[in-house]
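Numbering (the numbering used here), first residue to last: 1 to 348. Single-structure report; data block below.
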């Protein structure tokens with residue numbers, strides 16, 4: 001279905017041979033869970049869509065110097081976050097990576113909306129991605145999920161030019177420039193909120209290493225973050241570790257993450273510990289997560305996760321701010337947030 005059906009549909013619609021559209025792929029992922037969560041004051045059972053998506057991607061041989069035109073449009077099948085919070089009430093056609101680009105022996109250039117290199121570099125370390133235990137509930141942000149987007153480095157930015165190098169014997173480089181994080185049309189504030197992101201990764205044998213830097217430029221001050229981390233595989237066991245520093249000009253905070261995943265055939269178990277240090281007085285937090293799952297096939301699986309954030313006296317971290325749908329924020333400072341979820345995933 002991925003290529004053939006869409007190819008013939010496109011060909012019929014525009015009156016061109018099907019072979020011309022044969023590089024177009026329809027794909028998607030559904031990740032839905034039943035969550036039992038507590039924000040420190042109240043609790044509920046909720047149904048959530050967790051980074052569910054529907055996309056179209058493709059490429060075309062340009063017939064010159066080995067160049068290919070590439071494109072992707074990826075919709076988010078997600079919950080709304082307004083007055084009514086439904087599992088799929090806020091779906092958006094271009095909420096995820098959506099771009100037009102050029103690829104060849106030099107690597108690949110993409111123009112549009114895209115994850116930053118800073119975000120992409122350490123995704124392999126995130127065993128609990130898109131669940132209550134996602135490490136980005138604590139790392140890649142300074143303070144609570146709603147404390148301000150400028151202090152958040154888990155970003156998918158519009159108005160972005162991205163370059164990705166070819167694989168150089170396991171070594172890859174990535175860099176992006178964002179003309180303005182809000183509005184780059186002519187005005188007295190145009191390009192005041194530009195940003196750039198850099199990363200390098202090395203993947204060889206059982207080892208994966210990553211280092212990344214990102215800077216958000218403001219009218220007066222710049223906000224910066226850097227991190228280093230990696231994974232190491234020992235037979236069926238994979239270990240992960242990461243250190244990060246976020247500098248908000250007036251102060252900075254350190255964080256670190258440790259994780260493990262053990263594969264037992266089609267089943268797996270996971271655990272992680274994440275710690276965010278002080279930005280101001282007594283606003284530290286610790287997150288613990290345990291979980292496991294079973295993959296019935298390469299496309300369909302189930303999972304269960306328990307996660308908890310323990311905040312210091314003025315800490316306000318929660319289980320929110322990542323691809324986890326219906327994230328849970330604390331009722332106030334010094335509140336612990338916890339949750340258990342049962343989920344099912346299907347890729348197509």
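Even glycine gets a Cβ: it sits at the ideal position worked out from N, Cα and C.
Within the model, the alpha-carbon separation for residue 240 versus residue 258 is close to 6 Å.
Per DSSP, residue 317 is not a residue of any beta strand (DSSP E), being assigned neither H nor E. For residue 121, the enclosing alpha helix (DSSP H) covers residues 117-121. Note on geometry: alpha-carbon atoms of residue 285 and residue 188 lie some 40 Å from one another.
The C-beta separation of residue 317 from residue 309 comes to about 5 Å, placing the pair in contact by the 8 Å criterion. Boundaries for residue 235: no beta strand (DSSP E) harbours it, and the DSSP string shows neither H nor E there.
Taking a contact to require three or more Cβ pairs closer than 8 Å, the region 151-160 and the region 171-184 qualify as touching.
According to the DSSP secondary-structure assignment, residue 57 is paired through a beta bridge with 25, 72.
In this structure, DSSP gives residue 67 a state outside helix and strand, which the three-state scheme calls coil.
Membership of residue 80 in any beta strand (DSSP E) is not indicated, and neither H nor E is assigned to it by DSSP. According to the DSSP assignment, residue 199 belongs to the beta strand (DSSP E) that extends over 195-204. Measuring C-alpha to C-alpha distances from residue 325 to each of 33, 167, 25 identifies 33 as the nearest. Annotated three-state conformation of residue 108 is strand, per DSSP. Closest in alpha carbon position to residue 222, among 213, 63, 136, is 213. Rounded to the nearest whole angstrom, the C-alpha separation of residue 313 and residue 334 is 5 Å.
For residue 288, the enclosing beta strand (DSSP E) covers residues 285-295.
Fewer than three beta-carbon pairs drawn from the region 69-82 and the region 162-175 are found closer than 8 Å, and the two stretches are therefore not classed as touching.
Counting along the chain, residue 48 sits inside the beta strand (DSSP E) bounded by residues 43-49.
In the displayed model, residue 278 falls within coil according to three-state DSSP, outside both helix and strand. Distance from the CA of residue 45 to the CA of residue 38, rounded to the nearest whole angstrom, comes to 9 Å.
Nearest to residue 242 by alpha-carbon distance, out of 27, 135, 280, is 135.
Counting C-beta atoms within 10 angstroms of its own C-beta, residue 276 has 16 or more neighbours from the protein chains shown and is therefore classed as buried. Taking all protein chains shown into account, residue 74 has 16 or more neighbouring C-beta atoms within 10 Å of its C-beta and is therefore buried. Within a 10 Å sphere around the beta-carbon of residue 266 sit fewer than 16 other beta-carbons, which makes this residue exposed. In this structure residue 123 is exposed. Its beta-carbon is surrounded by fewer than 16 other beta-carbon atoms within 10 angstroms. Per DSSP, the unbroken beta strand (DSSP E) holding residue 160 starts and ends at 156-164. Non-local beta-carbon contacts of residue 336 in its own chain, meaning distances under 7 Å to residues more than five positions away in sequence, involve 40, 308, 309, 310, 311 in chain order.
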